[in-house]
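Below is one structure, written out as structure tokens; the observations come after it.
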Amino acid sequence: MQRRIIGRLMLLFVAALLPLAYAQEVTFHPDSTQPLNQRWEWAKSQARQTQFKKGYWIGYSIKRLMGENSTIGSMHIRNGRVLRGPGKSLSELFYGVEMPLNLSSSSKEKSERKIVKDVGLFYLFDPRDNKLAEIKESTFELSVDFDGLPLLWLGPVQDEPSLVLLERLYRETAAHKTKEQLISAAGLHGQSTQRRAFLASILTSNEANEVRKQAAFWLGQNDDPASLPILKNTALLDRALAVRKQAVFAMSQMSLAAAEDALFTLAQNEKDREVCKEAIFWLAQKGSPRASTLLREILAKSTDTDIQKHAVFAVTQLPDKQGATILIELVEKHGKTAVRKEAIFWLGQSQEPRALEILQRIAANAGEAELRKQGVFALSQMRGSEAEEALIKLAQRPDDREINKEVLFWLAQRASDRALALLKDTAEKNPDAELQKQAVFALTQLQHNEGIPALIDIAQKHSNPRVRKEAIFWLGQSDDSRATAALVRLVRGE
């Protein structure tokens, strides 16, 4: 499963390019071989001497192993191509060398090859209190908007001193948003004991749940085997459900076989229903043969109907339409009505060609009325003329009033010429007054008030006073001028 770096790191702005940016002010550290703490103090000294009134940025770069065609930072997408924002790229800004950027937003064109890239970390300080206000990250082929503020550039930095700095800044920070940004910056560093220990200490702390969730997410990146037991323990025992669920997601992002094993364990632990459901969902996303087998087992043996219904949805997430066969089996054979209904619904959503005949049969012949109604609804969700033909045939079946009424309603939602003709014919000619009234109501559901002329005709001419009354009522509910004029004529006896 392709790894995904999500959240604020991938900000996709689909917009016109902004006007050309100002020339960015950059002050370079004179000796990038110095320890980071010395370079950092140099930047702070420069800021004090210059007295930047609106704020300033301090930046440096770390190395990160990442996808050849992946980026971190702000970008535009135009005609399927990834473009950087206005201004110079970081590469040109710092080294005077332009890096090519010719990436596709299509996953089919993305290379799986991993390479080491420079990632810039930029820290914004507020001059009013000299406290950290914001962090931005970006790979060097992209540009960064520094909001017109000066940048003090320290050059490349190793992971260890960078993490030491981040831990210190974290301890000095009170704002939750800034803490989350610091955690993200730490997460971008390579796999190490130091990185893991920092993130784990936050995860197991008394911090706010949103902050701890961020730590859980980043522990799931980099495929660190030593992070897995931390995440599993969090998923099992943490005090906050939101954090437990985030730990499950974090494990789902790991490509380790042991991570899938942990998800299997959690998916079978029905004592924590919500975590169980989360594990089921993400196992389905991974799509291994083992996941399919587990879903079948849960659907067959679980005593928790809510979990089984969630497993039905998870089946729909299996890749390569693996779930269609399982859905059909559930629709045909499952012993619980609630589970069968869920399967019927998702079978209709699947647009699986085999679904049409099965749903027709369910709608016409299933013993329980709620299953037949669900079959009608599922048919109404299928595209194509064959599905509409199936609904029309169901609407014309004798001696099944409740199903006929259901079909009339959902045919109106399709709003086709054939549906309109059937509704008018039913309202005018069907011998069952209840079905006639349902057809009148269904006419009100047509888009763009297309049923108004038929309603007016029924209100004026129908032979059954009850049906005329129904049409008059619904005309009164309409704000269509034709309906108002028709009601005025009826009142005047015209």
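The working numbering numbers the first residue of the sequence shown as 404 and each following residue consecutively.
Even glycine gets a Cβ: it sits at the ideal position worked out from N, Cα and C.
Computed from a prediction, not measured in an experiment: that's the story for all the values here.
- The region 433-489 is shown to contain whole alpha helix (DSSP H) runs of 4 or more residues at 439-453, in chain order.
- Under DSSP, the beta-bridge partners assigned to S541 are G523.
- Remark: C-beta atoms of G523 and H432 do not approach each other more closely than 8 Å.
- Counting of Cβ neighbours within 10 angstroms places Y573 among the buried residues, the total reaching 16 or more.
- The beta-carbon separation of L554 and E471, rounded to 28 Å, does not stay under the 8 Å limit for a contact.
- Beta-bridge annotation (DSSP): T430 is paired with L555.
- Residue nearest to E677 within the set L585, V651, N833, S691 is V651 (criterion: CA-CA distance).
- Within the same chain, and ignoring the five residues on either side of Q711 in sequence, the residues whose Cβ sits closer than 6 Å to its Cβ are L702, S705, V742.
- Under the DSSP assignment, R598 falls in the alpha helix (DSSP H) whose first and last residues are 596-606.
- Taking I465 as reference, the option from Q816, P489, F543 with the minimal CA-CA separation is F543.
- When the beta-carbon positions are compared, L811 and A793 stay at least 8 Å from each other.
- The continuous alpha helix (DSSP H) containing D860 extends over residues 855-864.
- In this model, L849 and R885 are separated by some 15 Å (Cα to Cα).
- For N852, no alpha helix (DSSP H) encloses it, and the DSSP letter there is neither H nor E.
- The beta carbon of N672 lies closer than 6 Å to those of C679 in the same chain, with the five residues before and after it left out.
- When DSSP states are grouped into helix, strand and coil, A769 belongs to the coil group.
- In this structure, I761 and L774 do not form a Cβ contact; the two beta carbons are roughly 12 Å apart against a cut-off of 8 Å.
- Every unbroken stretch of the alpha helix (DSSP H) spanning 4 or more residues and falling wholly within the region 670-740 is given here in chain order: 676-689, 692-704, 708-719, 726-736.
- Between the region 564-580 and the region 475-487 there are fewer than three inter-stretch CB-CB distances shorter than 8 Å, so the stretches are not counted as touching.
- Between L493 and L504 the beta-carbon gap is near 11 Å, outside 8 Å, which marks them as no contact.
- The shortest C-alpha to C-alpha distance from R786 to any of A874, D802, L750 is the one to L750.
- Under the three-state reduction of DSSP, D820 is assigned to helix.
- Counted as a single uninterrupted DSSP element, the stretch harbouring P503 is not any alpha helix (DSSP H), since DSSP gives it neither H nor E.
- A distance below 8 Å between beta-carbons, with the five flanking residues on each side excluded, links R804 to the following residues of its chain, in chain order: D835, E837, L838.
- Taking a 10 Å sphere around the C-beta of L782, we find 16 or more other C-beta atoms and assign the residue as buried.
- By a beta-carbon distance limit of 8 Å, R821 does not contact I861. Their separation comes to about 19 Å.
- Here DSSP, grouped into helix, strand and coil, assigns D562 to helix.
- A check of alpha carbon separations from F549 across Q841, Q816, K776, W460 identifies W460 as the nearest.
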